[in-house]
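Participant: In the working numbering, the protein residues as written are 20 to 676.
Note that beta-carbon positions come from the ideal geometry of N, C-alpha and C, so glycine has one too.
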Amino acid sequence: MKETTESNLLKDLKGFWYKINIDFRLENLGYLPRWLVLMFDILLLFIASLITFLFFSGLRLHYIKNELLIISLSLYFCVNVFFFWLYRTYSGIIRHSSYVDALKLFFAQFFSFTILLAINYYFFIFHQRKLFLNTGLVINGFLSFSFLFLYRVIVKQTYERYFNSSNNSNLTRALIFGTNDNAIALANALKTEIPKRFKLVGFIEKSNQNTTKRILDAPILFMKNNAASLLKETKANALIIVDKNLSKKERSQIVEDCLESEFKVYTIPLVVDLEGQKEITKSIKAFEIQDLLERKPIVLDNNSISNQLKGKKVMVTGAAGSIGSEIVRQILSFEPKKIIVLDQAETPLHELSLQIKNINSNVSIVNIISDIREKETIEKVFIKYKPEVVYHAAAYKHVPLMEENPGQAIFTNVLGTKNIADLAFEYEVERFVMVSTDKAVNPSNVMGASKRIAEKYVQSLNNKVKYNAGSSKSTKYITTRFGNVLGSNGSVVPLFTKQIQDGGPITITHPDIIRYFMTIPEACQLVLEAGAMGSGGEIFIFDMGAPVRIIDLARKMIRLAGFIPDKDIEIKIIGLRPGEKLYEELLNDSSKNLPTHNEKIMIAQEEIMIYEEINESVKLLIETAKQKSNNAIVSKMKNIVPEYKSLNSIFQELDGI
20 MKETTESNLL
30 KDLKGFWYKI
40 NIDFRLENLG
50 YLPRWLVLMF
60 DILLLFIASL
70 ITFLFFSGLR
80 LHYIKNELLI
90 ISLSLYFCVN
100 VFFFWLYRTY
110 SGIIRHSSYV
120 DALKLFFAQF
130 FSFTILLAIN
140 YYFFIFHQRK
150 LFLNTGLVIN
160 GFLSFSFLFL
170 YRVIVKQTYE
180 RYFNSSNNSN
190 LTRALIFGTN
200 DNAIALANAL
210 KTEIPKRFKL
220 VGFIEKSNQN
230 TTKRILDAPI
240 LFMKNNAASL
250 LKETKANALI
260 IVDKNLSKKE
270 RSQIVEDCLE
280 SEFKVYTIPL
290 VVDLEGQKEI
300 TKSIKAFEIQ
310 DLLERKPIVL
320 DNNSISNQLK
330 GKKVMVTGAA
340 GSIGSEIVRQ
350 ILSFEPKKII
360 VLDQAETPLH
370 ELSLQIKNIN
380 SNVSIVNIIS
390 DIREKETIEK
400 VFIKYKPEVV
410 YHAAAYKHVP
420 LMEENPGQAI
430 FTNVLGTKNI
440 ADLAFEYEVE
450 RFVMVSTDKA
460 VNPSNVMGAS
470 KRIAEKYVQS
480 LNNKVKYNAG
490 SSKSTKYITT
500 RFGNVLGSNG
510 SVVPLFTKQI
520 QDGGPITITH
530 PDIIRYFMTI
540 PEACQLVLEA
550 GAMGSGGEIF
560 IFDMGAPVRI
570 IDLARKMIRL
580 AGFIPDKDIE
590 IKIIGLRPGE
600 KLYEELLNDS
610 SKNLPTHNEK
620 IMIAQEEIMI
630 YEEINESVKL
640 LIETAKQKSN
650 NAIVSKMKNI
660 VPEYKSLNSI
670 FQELDGI
């Protein structure tokens with residue numbers, strides 16, 4: 020029995036010792052219980068008092084008289100503890116101590132000194148004796164504040180140095196480009212991040228005015244030539260770009276220099292948009308290709324768009340697609356009465372409905388699964404919901420697939436557009452905005468030609484409505500035409516991303532192929548703007564910026580992913596696909612463009628066909644698509660669009676007919 024008792028006692032002692040070891044590991048210093056921090060603070064007060072007492076004793080003076088020792092010390096500790104409690108000096112996490120904590124300590128000690136001094140004079144006036152020597156109170160207050168402050172500094176520095184030394188080999192040495200408030204906030208966040216990812220090496224500035232100064236004990240470096248050379252000099256591995264005053268050209272050049280030298284590059288949104296230090300560090304992300312291609316922000320005429328959409332019933336066809344879904348999201352901010360989101364794809368439409376249902380609770384959202392090729396079904400939607408504005412984004416757009424299936428291109432891109440456009444007129448829709456493509460310009464493939472036929476029909480229908488004097492109906496038909504959209508379904512960016520994730524190769528059809536790009540939000544903003552400014556019959560074309568070589572795009576994406584082109588990830592040339600051009604155009608050879616109040620939007624002056632002629636041609640084309648061969652379909656398309664010349668396609672033989 021005795022042995023059992025001793026054994027249990029031994030286990031309890033081991034458990035207690037283990038708990039002490041766990042609780043007092045160095046890394047837990049930042050999370051000491053508040054009562055323990057308060058005890059340390061009281062101990063430091065006692066040490067400061069003892070030093071003061073001994074100092075004056077050496078001078079043969081009495082800081083506290085022996086007969087008043089108990090009452091003096093009691094008052095001294097009670098007053099100090101009261102102000103510790105009032106300012107909560109012990110409640111902060113020590114390793115996160117800042118100047119705010121220093122201020123709290125200062126005020127706590129200052130008011131403690133003031134109250135003790137007042138008590139001292141009270142005793143002198145009414146009892147002709149002092150509890151403390153006044154000079155002693157000053158020295159004691161100074162020592163107390165110094166000890167309390169230094170204790171926190173030592174713990175904070177010890178904690179940081181302990182972890183930095185233990186994890187240094189795993190940290191990414193980083194420079195921050197910028198020295199503004201955002202850069203400093205990021206630097207502070209990096210220092211307190213757990214687990215740490217970056218070791219701050221310094222800051223980079225474009226000017227040399229502050230090169231002798233330091234921020235958070237890190238040097239400010241002047242960028243003489245390029246950022247990559249500074250990364251090499253400081254043996255840094257990464258650059259975090261925070262400076263939002265950099266121009267697009269400067270930013271792109273910095274990123275490209277760093278990627279060429281195999282350094283990682285990161286970006287971060289404005290820190291003022293983030294809630295705390297954890298949010299700041301979480302928001303650090305690698306540069307994406309969109310960041311390199313971004314242009315100046317688009318300035319929208321929000322009043323004009325709002326006048327067209329606020330309180331209206333709006334329909335979006337192809338609403339589950341990449342363009343259609345973004346149009347829906349942007350329309351929601353303009354307070355329409357109702358949005359009818361229409362698509363034939365069930366799962367994407369369901370996902371969109373989940374994403375947007377809580378964006379604006381004031382807007383009624385109706386989800387319609389339907390096919391624009393079935394006019395009778397679509398007509399029921401018009402009858403029931405009576406849309407006032409229609410954005411027509413539904414289309415087949417994959418060039419190689421449409422080369423193999425020209426009939427389907429006709430049914431969706433031509434017949435589907437005709438159905439929606441005709442119903443818009445029949446049910447007195449105010450505005451019909453069609454989303455087209457630069458592939459409709461001098462088309463070289465079935466998809467582009469089908470969109471050009473749709474453009475022709477919509478323009479001619481607008482003219483019919485406009486000049487129909489006997490009709491009160493006045494639907495305005497507007498077409499928007501733009502190039503490739505980054506990140507849209509089927510675009511090269513998601514394809515290249517997937518190929519990089521799979522280890523390559525990245526497949527490119529031709530080394531000299533170039534394309535114009537804009538982001539999805541950018542394209543949809545311009546669609547809304549053009550739709551609002553149009554008076555009917557226009558084909559609006561968008562400023563797509565500078566053209567981009569696809570092979571350069573691929574190389575940048577590989578480097579952004581942390582790989583070396585043609586070494587880690589192969590770039591493979593596979594040849595042009597059927598109907599594919601080396602470059603796209605936004606205007607026909609015979610067309611001119613007119614400026615608008617928005618410098619990014621122009622109007623293409625295209626020849627407009629007579630409605631009766633194009634209507635008859637479209638009807639025959641649809642019948643051909645139902646009954647005849649692919650050659651017969653494409654031949655008919657070439658008759659309607661004389662500039663349609665097939666490239667790298669089996670339909671090239673039809674061009675001479």
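Residues in the same chain with beta-carbon distance under 7 Å from L80, minus the five sequence neighbours each way, listed in chain order, please.
Facilitator: L152
Participant: Ends of the alpha helix (DSSP H) at G467?
Facilitator: Boundaries of the alpha helix (DSSP H) around G467: 465-485.
Participant: Taking DSSP as the reference, what is the three-state secondary structure of I525?
Facilitator: strand
Participant: So what does DSSP say about A651, is it helix, strand or coil?
Facilitator: helix
Participant: Terminal residues of the continuous alpha helix (DSSP H) containing R578?
Facilitator: In the DSSP assignment, R578 falls within the unbroken alpha helix (DSSP H) covering 569-579.
Participant: Per DSSP, which residues does A127 bridge with? Please list them.
Facilitator: For A127, which the question treats as bridged, DSSP gives no partner whatsoever.
Participant: When you compare only the Cα positions, how much space is there between E370 and A542?
Facilitator: 22 Å
Participant: At which residues does the alpha helix (DSSP H) containing L194 begin and terminate?
Facilitator: Looking at the DSSP string, L194 is not in any alpha helix (DSSP H); the run it does join, the beta strand (DSSP E), is 191-196.
Participant: Classify Q176: buried if its beta carbon has 16 or more other beta carbons within 10 angstroms, exposed otherwise.
Facilitator: exposed
Participant: Please classify I590: is it buried, with 16 or more other beta-carbons within 10 angstroms of its beta-carbon, or exposed?
Facilitator: buried
Participant: In whole angstroms, what separates the C-alpha of H616 from that of R450?
Facilitator: 20 Å
Participant: Could you tell me which of A257, N256, L219 sits nearest to I239, measuring between CA atoms?
Facilitator: Looking from the CA of I239, the closest CA among A257, N256, L219 belongs to L219.
Participant: So for K329, helix, strand or coil by DSSP?
Facilitator: DSSP places K329 in coil when its eight states are reduced to three.
Participant: Taking S380 as the reference, give the member of F401, T396, P355, S389 with the closest Cα.
Facilitator: P355
Participant: Is it buried or exposed for I583, if we count other Cβ within 10 angstroms and need 16 for buried?
Facilitator: exposed
Participant: To the nearest angstrom, how far is the alpha carbon of K268 from that of T456?
Facilitator: 27 Å
Participant: How many Å lie between V98 and V174 at the Cα?
Facilitator: 26 Å
Participant: With distances taken Cα to Cα, identify the nearest neighbour of T198 among L209, T191, K225.
Facilitator: K225
Participant: Hey, N482 and G581 are a contact pair by Cβ (cut 8 Å); roughly how many whole angstroms apart?
Facilitator: With a Cβ gap of about 55 Å, N482 and G581 do not count as contacting.
Participant: Counting pairs of Cβ atoms below 8 Å between the stretch 472-479 and the stretch 569-576, do you hit three or more?
Facilitator: no
Participant: Hey, would you say T336 sits closer than 9 Å to A247, going by beta carbons?
Facilitator: no
Participant: To the nearest angstrom, report how far apart P530 and N322 are at their CA atoms.
Facilitator: Distance between the alpha carbons of P530 and N322 is about 45 Å.
Participant: Using 8 Å as the threshold, is the stretch 327-335 in touch with the stretch 356-363, meaning 3 or more CB pairs across them?
Facilitator: Using a Cβ-Cβ distance cut-off of 8 Å, the stretch 327-335 and the stretch 356-363 are in contact, since at least three pairs of beta carbons, one from each stretch, lie closer than that value.
Participant: If you compare alpha carbons, which of S352, V385, N377 is closest to L368?
Facilitator: Measuring from the Cα of L368, the nearest candidate turns out to be V385.
Participant: Take every Cβ of the stretch 89-103, pair it with every Cβ of the stretch 120-137, and state whether three or more of those distances are shorter than 8 Å.
Facilitator: yes
Participant: Taking the beta carbon of G502 as the centre, do at least 16 other beta carbons fall within 10 Å, making it buried, or is it exposed?
Facilitator: buried
Participant: Only counting runs of 4 or more residues, tell me where the alpha helix (DSSP H) segments fall wholly within the stretch 373-437, in order along the chain.
Facilitator: As far as the stretch 373-437 is concerned, its whole alpha helix (DSSP H) runs of at least 4 residues are 394-404, 418-423, 425-428.
Participant: According to the neighbour-count rule (16 or more other Cβ atoms, all chains shown, within 10 Å of its Cβ), is L150 buried or exposed?
Facilitator: Here L150 is buried. Its C-beta has 16 or more other C-beta atoms within 10 Å.
Participant: So what does DSSP say about V220, is it helix, strand or coil?
Facilitator: strand
Participant: With DSSP as the reference, label M628 as helix, strand or coil.
Facilitator: For M628, the secondary structure class from DSSP, reduced to helix, strand or coil, is coil.
Participant: Would you say the stretch 155-169 touches the stretch 68-86, given that touching needs at least three Cβ pairs under 8 Å?
Facilitator: yes
Participant: By DSSP's criteria, P584 is part of a beta bridge. Which residues make up the other side?
Facilitator: I588
Participant: Let me know the secondary structure DSSP gives F282 once reduced to three states.
Facilitator: coil
Participant: Using the C-alpha atoms, what's the distance from N189 back to G550?
Facilitator: 53 Å
Participant: Mark D236 as exposed unless 16 or more other C-beta atoms lie within 10 angstroms of its C-beta, in which case mark it buried.
Facilitator: Label assigned to D236: exposed.
Participant: Do you know whose CA, among E618, L442, I532, lies nearest I592's CA?
Facilitator: Minimum Cα distance to I592 is reached at I532.
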